[in-house]
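Working notes for the structure below.
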Amino acid sequence: MVSALELPAEIAKLRDISVKDGCQNEPPIFRAGFIRAADFNGDGKPDYVIDDNGLECKGGYNRNCGSGGCAVEVYLSTPAGTYRSANLQRLGFQSSISKREGRVTLVLPGRHGPSRYRWNGRALVEIR
Numbered sequence: 003m004v005s006a007l008e009l010p011a012e013i014a015k016l017r018d019i020s021v022k023d024g025c026q027n028e029p030p031i032f033r034a035g036f037i038r039a040a041d042f043n044g045d046g047k048p049d050y051v052i053d054d055n056g057l058e059c060k061g062g063y064n065r066n067c068g069s070g071g072c073a074v075e076v077y078l079s080t081p082a083g084t085y086r087s088a089n090l091q092r093l094g095f096q097s098s099i100s101k102r103e104g105r106v107t108l109v110l111p112g113r114h115g116p117s118r119y120r121w122n123g124r125a126l127v128e129i130r
């Protein structure tokens, strides 16, 4: 997990939006894996995964989660130094990041088995 002090301001803002949407006015509890960094697009800069499976709301439930899992999104670094959403728009259970043969893969377990996402040179796409 990435510490809050290490997060770029743009990612910290996206984290805060996720917490506000998920916990509303309840205090958040951050679990392992809520925010992770990996270089998915191969530009040498960290990209960030915000996985609401790692967000718990004290005294209630995380509204970003349902029977299909929790919201998971990847934010990719850009040449301009900003971040853009990979637009996965997926729910899943606790995601993981693997690296094989120099390729970084996001593994997102779901109700019908895991989905895997990898950079294809232009976008983060599901691989079969």
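Its first residue numbered 3, the sequence shown is counted upward by one per residue in the numbering used here. Glycine included, every Cβ here is placed at the ideal spot set by N, Cα and C.
In the structure shown, residue 9 falls within a coil segment according to DSSP collapsed to helix, strand and coil. Annotation: residue 88 to residue 42 spans about 10 Å, alpha carbon to alpha carbon.
Contact between residue 39 and residue 23 fails: their C-beta atoms lie close to 22 Å from each other, not under 8 Å.
Collapsing the DSSP output to three states places residue 60 in coil. In this structure, the CA atom of residue 29 is about 25 Å from the CA atom of residue 91. DSSP places residue 32 inside the beta strand (DSSP E), whose first and last residues are 30 to 32.
Here residue 69 is exposed: its Cβ has fewer than 16 other Cβ atoms, across all protein chains shown, within 10 Å. Counting the other CB atoms within 10 Å of its CB gives residue 125 a total below 16, which places it among the exposed residues.
Pairing residue 51 with residue 63, the inter-Cα distance amounts to about 21 Å. By the CB criterion at 8 Å, residue 53 and residue 72 fall inside the cutoff. Selection 26, 31, 120 and 114 evaluated against residue 76 yields 120 as nearest (Cα-Cα).
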